[in-house]
Each structure stands twice: as structure tokens, then as C-alpha cells.
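Asks:
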Amino acid sequence: QVQLVESGGGLVQPGGSLRLSCTASASIFRFYAMGWFRQAPGKQRELVAGITTGSSTNYADSVKGRFTISRDNAKNTVYLQMNRLTPEDTAAYYCNAGLSRLPGTYWGQGTQVTVSS
1 QVQLVESGGG
11 LVQPGGSLRL
21 SCTASASIFR
31 FYAMGWFRQA
41 PGKQRELVAG
51 ITTGSSTNYA
61 DSVKGRFTIS
71 RDNAKNTVYL
81 QMNRLTPEDT
91 AAYYCNAGLS
101 RLPGTYWGQG
111 TQVTVSS
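Okay, here's the thing in C-alpha cells:
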């Protein structure tokens, strides 16, 4: 069983930055692909960014060039650095872990990101 705990959400003005963190409970973290998903009210949950065990990354078109996903296997943590935020980035952000692909089995509880002036 893998437990995921997100942190780092909050209220930020348009153009600002936030960094989300997701720490896994298990030392086998390094064997999991990790991803960040988001869900805005009335919309489906979507993949924002993913990172493989080998640290290959992929991004939704809407965040390319603004968001960066990274992982620190020594800390069992995956990060999402979000820059140049816009109101369209407002959503609940969820961390996800999967052994072979995303979305995987395990989800965090979510952290709210609100971009507003």
C-alpha cells in the first residue's frame, strides 16, 4: 500500500508561482511512475504532468513551458513547480502513483490551487 500526501497549494495571483510536493509513504517510491492530475469544478480530471522511474517527463499542452515535474527518490517525493499561473490553472491537484502507467492505483487527497487577483 502506498500513501501519498500533497502539500503546497494555496491562493496565488495571476503570473505567480507555486510548488506542489507529494511525499510517498513507501520506500519503493523509486519503482513508481508519478503524476500530477487536476480537476476543476464541472470538468474531468486531467493529467497535468508525469514522470517515469527514469525521470522522463510529459506535460499537458496547456502547461508546457510553465510547469516542471521532478522527483527526488531519496526523499520519496515528487514536485510540481508551477510558474506563470493563470486563473485557468485553478483546480484541485492530485498526486498519483502507478507501477506501469498513469493513472495508477494510488491517489493523494488533493491540494487546492486558486489563481485569482
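Residue numbers (our numbering): 1 to 117. We put the beta carbon where it would ideally sit given N, CA and C, even for glycine.
With three or more beta-carbon pairs closer than 8 Å as the criterion, would you say the segment 91-104 touches the segment 27-38?
Replies: Segments in contact, yes.
Asks: Quick check on SER7: does DSSP put it in helix, strand or coil?
Replies: By one-based count along the sequence shown, residue 7 stands at place 7. Strand.
Asks: Can you pull the DSSP bridge partners for ILE28?
Replies: Reading the sequence shown from its first residue, position 28 is the one you call residue 28. Note: ILE28 sits in no beta bridge, so no partner.
Asks: Can you name, in chain order, every residue of its own chain whose Cβ lies under 6 Å from the Cβ of PRO103, other than the five neighbours on each side?
Replies: Position 103 of the sequence shown, counting from 1, holds the residue named residue 103. Around PRO103: ASN96.
Asks: Rounded to the nearest angstrom, what separates ALA33 and VAL12 at their Cα positions?
Replies: Taking the first residue of the sequence shown as position 1, residue 33 is located at position 33. Taking the first residue of the sequence shown as position 1, residue 12 is located at position 12. Distance between the alpha carbons of ALA33 and VAL12 is about 28 Å.
Asks: Would you tell me roughly how many angstroms separate the C-alpha atoms of GLY98 and TYR106, rounded to the nearest one?
Replies: The residue you call residue 98 lines up with position 98 of the sequence shown. The residue you call residue 106 lines up with position 106 of the sequence shown. Their Cα atoms are separated by approximately 7 Å.
Asks: Is the beta carbon of ILE28 closer than 9 Å to that of GLY50?
Replies: The residue given as residue 50 occupies position 50 in the sequence shown. The residue given as residue 28 occupies position 28 in the sequence shown. Taking 9 Å as the Cβ cut-off, GLY50 and ILE28 do not qualify as a contacting pair.
Asks: Across which residues does DSSP place ASP61 in a beta bridge pair?
Replies: What you label residue 61 is simply residue 61 of the sequence shown in a count that begins at 1. Note: ASP61 sits in no beta bridge, so no partner.
Asks: Give me, in chain order, the residues of the same chain whose beta-carbon lies closer than 8 Å to that of ARG19; leave out the 5 immediate sequence neighbours on both sides.
Replies: The residue given as residue 19 occupies position 19 in the sequence shown. Result list for ARG19: GLY8, TYR79, LEU80, GLN81 and MET82, in chain order.
Asks: Which of the three DSSP states is assigned to ASN96 in this structure?
Replies: Reading the sequence shown from its first residue, position 96 is the one you call residue 96. Correct three-state label for ASN96: strand.
Asks: So what does DSSP say about ALA91, is it helix, strand or coil?
Replies: In the sequence shown, residue 91 corresponds to position 91, counting from 1. Here ALA91 sits in strand by DSSP.
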